[in-house]
Amino acid sequence: MFRRIYVVVVKEITQIVRDPIALLLMFILPAFLLFIFGFAINLDIRTIPLAVLDHDKTENSRVLVDRFITSGYFKLKQRLSSEDQINWLLDRGEVKAIIKIPANFQREVFKGKSTPVQIIIDGTDNNTATVVMGYARMIMQQHSKDVLFELLRTSRGAILAGIPTLDVRPNIWYNPELRSINFMVPGLIGIIMMVVGVVNMSVSIVREKERGTIEAIMVSPLRPFELMLGKIIPYILIAFIDLNLIILLGKFVFHVPFRGSFLLFLFLSFLFLASALSMGLFISSIAKTCQVAWLISFLATILPSIILSGFIFPISNMPKIIQFISYFLPVRYFIVILRGIILKGVGLSVLYPQALVLVGFAAVLLASCSLRFKKRLA
Amino acid sequence: MSLRRILAIILKELTQLKRDKKMYPLLFSAPILQLIVLGYAANFDIKHIPTGVLDMDNTTMSRQYLDAFAFNGYFDILYRAHSRQELCHLLDTGKIKIGIDIPVDFQKNLKKGASVQVHVLVDGADSNSATIGLNYVSIISQRFSSNLILRSIDTAAFQSNDFLGTWRREIGKSMLVDDALRIWYNPELSSKQFFVPGVICMILLIVTTNLTALSLVREKEIGTLEQILVTPVRPGEILLGKLSPFIIIGFIDVMFILLAAMIIFDVFIKGSLFLLFLSAGFFLFSTLGLGIFISTVSRTQEQAMIFLFFLVLNMTMLCGVIFPIENMPKVIQWITYLLPLRYFAIIVRGLFLKGVGIAVLWDQIFYLFLCGIVIFTLSLSRMKKKIA
Chain S
5 MFRRIYVVVV
15 KEITQIVRDP
25 IALLLMFILP
35 AFLLFIFGFA
45 INLDIRTIPL
55 AVLDHDKTEN
65 SRVLVDRFIT
75 SGYFKLKQRL
85 SSEDQINWLL
95 DRGEVKAIIK
105 IPANFQREVF
115 KGKSTPVQII
125 IDGTDNNTAT
135 VVMGYARMIM
145 QQHSKDVLFE
155 LLRTSRGAIL
165 AGIPTLDVRP
175 NIWYNPELRS
185 INFMVPGLIG
195 IIMMVVGVVN
205 MSVSIVREKE
215 RGTIEAIMVS
225 PLRPFELMLG
235 KIIPYILIAF
245 IDLNLIILLG
255 KFVFHVPFRG
265 SFLLFLFLSF
275 LFLASALSMG
285 LFISSIAKTC
295 QVAWLISFLA
305 TILPSIILSG
315 FIFPISNMPK
325 IIQFISYFLP
335 VRYFIVILRG
345 IILKGVGLSV
355 LYPQALVLVG
365 FAAVLLASCS
375 LRFKKRLA
Chain R
21 MSLRRILAII
31 LKELTQLKRD
41 KKMYPLLFSA
51 PILQLIVLGY
61 AANFDIKHIP
71 TGVLDMDNTT
81 MSRQYLDAFA
91 FNGYFDILYR
101 AHSRQELCHL
111 LDTGKIKIGI
121 DIPVDFQKNL
131 KKGASVQVHV
141 LVDGADSNSA
151 TIGLNYVSII
161 SQRFSSNLIL
171 RSIDTAAFQS
181 NDFLGTWRRE
191 IGKSMLVDDA
201 LRIWYNPELS
211 SKQFFVPGVI
221 CMILLIVTTN
231 LTALSLVREK
241 EIGTLEQILV
251 TPVRPGEILL
261 GKLSPFIIIG
271 FIDVMFILLA
281 AMIIFDVFIK
291 GSLFLLFLSA
301 GFFLFSTLGL
311 GIFISTVSRT
321 QEQAMIFLFF
331 LVLNMTMLCG
341 VIFPIENMPK
351 VIQWITYLLP
361 LRYFAIIVRG
371 LFLKGVGIAV
381 LWDQIFYLFL
391 CGIVIFTLSL
401 SRMKKKIA
């Protein structure tokens, strides 16, 4: 039996090595995805292009504008001289935010009157706008408080024994520099396991179906179970090579730390891989042509895994129905595990609920898959 | 050029498409799926951040401070820890994303007019959410701080008519320097407003490049391309006949998404419909050209699928359809100038969200047109060489 499985494994590997496309998919695609998500796509919103329309031109208004520029989040693109320019700049998308300081700003503030400073934000990209809004409000409140302190100190210093202040000391864990690449790399491992397990697995079987070679294998003394194992094993190997490739590239090219236990990481990845491969097998039993296999695996597994799994977009913001759907994606749990091990360095004592869910998924998917396979082949 | 011969090829192509059942999901369910997934799920806005608190002070003032967090909708105080270790454990297990640690003597020190430090533990793994969360913490704390000062000044001081007197009357309303935020184009900051135009771009790209490349490669693979070539139909006519059904399908898809956006998502186009179709037409030059190009470099349909996958992934990730281009490294930003999808996305968003016209968009439309012509002629000449 082991010899027969071994023969299938060798055949499969020979086939993969001879097929440049398969190699491309298995080794170039992961590196490519790492490059896109690690290098090109940056979620950290910095250097927001900003324009200023300062009708006041006093010290106070200059300090406020300086605060925006020195915060590191905004980049001054243009100083405006009239209102007419606002429309044009925002319509063209040349700036994302405009500060409009009214005339008499300083005088009114020093009189103690609450004075509005208008900040116009381009809401086209709602996500960027949310972040810009947060920064702008933070800077304004800081300014407001500081001006107030200054006024109190100079005008009524005698009344106050001291000015009570509340300092927020942020203590950022796991990713102190808040780099988005650290957030992306663990998630990316989940996505790539998905691609290898689902796409490559299903296409490899469907290709045999398409070419009619699967019948040739079936009339050989090989049992269905042995065929399945023989087909799966090479993909497990490839997935593990990819896994290490990403961890290494992440560590040495993008300086992503690995804090937890590597052994646990391998073990849980294996569990996840079992689910992914079963999904791939399942798709292969539905699809008749490679194209359809591609399409199903892309629309039904890859796309939801990227968008709905918490890989980029936080699940807690999604509508309840979509959150509910996300519970059925094994990759959702796997990404929590990956971030736990890689960034937080926590172990099984923390991650056991997710690990148990993965065991459940693997068991159910493998079982239903082998049932379906037996029926199809019989 | 004979119209009859072109028509014959178009008919043949349409019949083939009708027989190919698996193409329907690609044509009609993929747009809807993408609209739903991106329109509802792709959202960075952070609300209901799971929060834990450790209130070592447990006084009126510390509770007031925490109430400010509980009532603004951004933080859900889920856990009350009793020790620093417990708070850390909650963060480790991922049950909370932010932990607020209020020290002993919080109230006493603030009343004395001293400065107090509140430690905020943040799970930085998700850098984006952490940044947004920290901003909110800071905003709430600044507000609390300002109110404290108000309270710490004895009431007698407010009788006066100078600075403090005026300010006292104003403070209930707002801060001294008030942030009057105005959000243009998408005031509710809804992600469907942002993604519906994006999906139009993506679908047009995916459908037309896929159909063109696969249909050309299929003929090559089966060997029917040679058969057609030996008929009296000229190469130009074949191409025109093959491409026009895809152009029609592309436009039908655009109209389909426009309708779906209006009916399901309540998203309406503000600008001119004519400009949308005009630029879609220009964009089709690029996508059909890319389809032709892929068909010349791939031998089998499977190869073509993989090239298409890389192309689509690249274009959608880098061209500002999902992720803003401004955040990308400079090198990548330069590359995006070569990609037609960049211009098309700007145009479609401009038309949908901003309602701007040709006066604002003329250069983008011009670049899109230029990209289309260049890509189309290059691919065409490459194909001619291959066939000849």
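Note that the protein sequences, when read in sequence, are chains S and R. Following the numbering used here, the numbering of the first sequence begins with 5 at its first residue and continues without gaps. Following the numbering used here, the numbering of the second sequence begins with 21 at its first residue and continues without gaps. Where a beta carbon is used, it is the ideal one built from N, C-alpha and C, also for glycine.
Given 8 Å, three or more beta-carbon pairs between the segment 222-242 of chain R and the segment 325-344 of chain R:
Segments in contact, yes.
Say whether chain R places a C-beta atom closer than 9 Å to the C-beta of residue 74 of chain S.
No, its Cβ sits nowhere closer than 9 Å to a Cβ of chain R.
With a cut-off of 8 Å, do at least 3 Cβ pairs link the segment 108-120 of chain S to the segment 128-148 of chain R?
At 8 Å Cβ cutoff, the stretches do not touch.
Does the segment 284-297 of chain R touch the segment 361-376 of chain R, meaning 3 or more C-beta pairs lie closer than 8 Å?
Result yes; three or more Cβ-Cβ pairs closer than 8 Å.
So what's residue 135 of chain R in DSSP terms, helix, strand or just coil?
Residue state, collapsed to three classes: strand.
Chain R contact for residue 19 of chain S (CB, 9 Å cutoff)
Interface criterion not met: the Cβ of residue 19 of chain S is under 9 Å from no Cβ in chain R.
Residue 144 of chain R: contacting residues in chain S (beta-carbon distance under 7 Å):
For a Cβ distance threshold of 7 Å, residue set 176, 177, 178, 179, 180, 182 of chain S lies close to residue 144 of chain R, ordered along the chain.
Hey, could you find the ends of the alpha helix (DSSP H) residue 32 of chain R is sitting in?
In this chain, the alpha helix (DSSP H) harbouring residue 32 of chain R covers 23-39.
Per the contact definition of three or more C-beta pairs closer than 8 Å, is the segment 104-121 of chain R in contact with the segment 303-313 of chain S?
Two segments are said to touch when three or more pairs of C-beta atoms, one from each, lie closer than 8 Å; by this definition the segment 303-313 of chain S does not touch the segment 104-121 of chain R.
With three or more beta-carbon pairs closer than 8 Å as the criterion, would you say the segment 115-127 of chain R touches the segment 354-373 of chain S?
The segment 115-127 of chain R vs the segment 354-373 of chain S: no contact.
Which residues, in chain order, does the segment 56-70 of chain R contribute to contact with chain S at a C-beta distance below 9 Å?
Of all residues in the segment 56-70 of chain R, those with a C-beta nearer than 9 Å to a C-beta of chain S are 56, 57, 58, 60, 61, 62, 63, 64, 65, 66, 67, 68, 69, 70, reading in chain order.
Within the continuous alpha helix (DSSP H) that includes residue 417 of chain S, where are the two ends?
The displayed coordinates of chain S run from 5 to 382. Any statement about residue 417 of chain S would go beyond what the structure contains.
Return helix, strand or coil for residue 128 of chain S, following the three-state DSSP convention.
Reduced to three states, the DSSP call for residue 128 of chain S is coil.
Relative to the C-alpha of residue 250 of chain S, which residue among S:40, S:6, S:22, S:13 is closest?
Of all alpha-carbon atoms in S:40, S:6, S:22, S:13, the one lying nearest the alpha-carbon of residue 250 of chain S is that of S:40.
What are the residues in the segment 113-127 of chain S lying within 8 Å of chain R by C-beta distance?
Result list: 113, 114, 115, 116, 117, 118, 119, 120, 121, 122, 123, 124, 125, 126, 127.
Along chain R, which residues have their Cβ under 7 Å away from the Cβ of residue 30 of chain S?
Neighbours of residue 30 of chain S in chain R, taken as residues at a C-beta separation under 7 Å, are lacking, since the least C-beta distance is about 11 Å.
Starting from residue 334 of chain R, trace the alpha helix (DSSP H) both ways and give me its first and last residue.
Counting along the chain, the alpha helix (DSSP H) containing residue 334 of chain R begins and ends at 321-338.
Excluding the 5 residues flanking residue 403 of chain R on each side, which residues of the same chain have their C-beta closer than 6 Å to its C-beta?
So the qualifying residues of the chain are 312, 316.
If you measure from the beta carbon of residue 83 of chain R to each beta carbon in chain S, is any gap under 9 Å?
Not a single C-beta of chain S is nearer than 9 Å to the C-beta of residue 83 of chain R.
Residue 211 of chain R vs residue 365 of chain R beta-carbon contact at 9 Å
Contact: no.
Using a Cβ cut-off of 9 Å (strictly closer), state whether residue 171 of chain S contacts chain R.
Yes, contact with chain R.
Any Cβ of chain R within less than 9 Å of the Cβ of residue 129 of chain S?
Yes, residue 129 of chain S counts as interfacial toward chain R.
Please list, in chain order, the chain R residues whose beta carbon lies closer than 7 Å to that of residue 110 of chain S.
Under the 7 Å cutoff, chain R gives no residues; its nearest Cβ is about 10 Å from residue 110 of chain S.
Are the C-beta atoms of residue 140 of chain S and some chain C residue less than 9 Å apart?
Within the model displayed, chain C is absent; protein chains S and R are what it includes.
Just to confirm before moving on: does the CB-CB distance between residue 294 of chain S and residue 354 of chain S stay below 9 Å?
Not in contact: residue 294 of chain S and residue 354 of chain S (Cβ atoms no closer than 9 Å).
Is there a Cβ from chain R that is less than 9 Å from the Cβ of residue 204 of chain S?
Not a single CB atom of chain R sits nearer than 9 Å to the CB of residue 204 of chain S.
C-alpha distance - residue 155 of chain S paired with residue 145 of chain S, whole-angstrom precision
Cα-Cα distance, rounded: 15 Å.
Determine the DSSP secondary structure at residue 21 of chain S, reduced to helix, strand or coil.
Three-state result, residue 21 of chain S: helix.
Chain-ordered neighbours of residue 96 of chain S on chain R, where CB pairs are closer than 7 Å:
Under the 7 Å cutoff, chain R gives 380.
Go to residue 85 of chain R, then tell me how far its alpha helix (DSSP H) extends in each direction, as first and last residue.
Residues 80-90.
Using a Cβ-Cβ cut-off of less than 8 Å, give me the residues of the segment 355-368 of chain R that come near chain S, in sequence order.
Listed by position, the residues of the segment 355-368 of chain R near chain S (Cβ gap below 8 Å) are 366.
Given this structure, state the Cα-to-Cα distance separating residue 32 of chain R from residue 271 of chain R, to the nearest angstrom.
One Cα belongs to residue 32 of chain R, the other to residue 271 of chain R, and the distance between them is close to 20 Å.
Tell me whether the beta-carbon of residue 151 of chain S lies closer than 9 Å to the beta-carbon of residue 91 of chain S.
Going by C-beta atoms, residue 151 of chain S is not nearer than 9 Å to residue 91 of chain S.
Rounded C-alpha distance that separates residue 7 of chain S from residue 32 of chain S
Straight-line Cα distance between these residues: approximately 32 Å.
C-alpha distance - residue 230 of chain R paired with residue 276 of chain S, whole-angstrom precision:
Each residue's alpha carbon lies about 32 Å from the other.
Pick from R:122, R:240, R:23, R:151 that is closest to residue 322 of chain R, judged by C-alpha positions
Measuring from the Cα of residue 322 of chain R, the nearest candidate turns out to be R:240.
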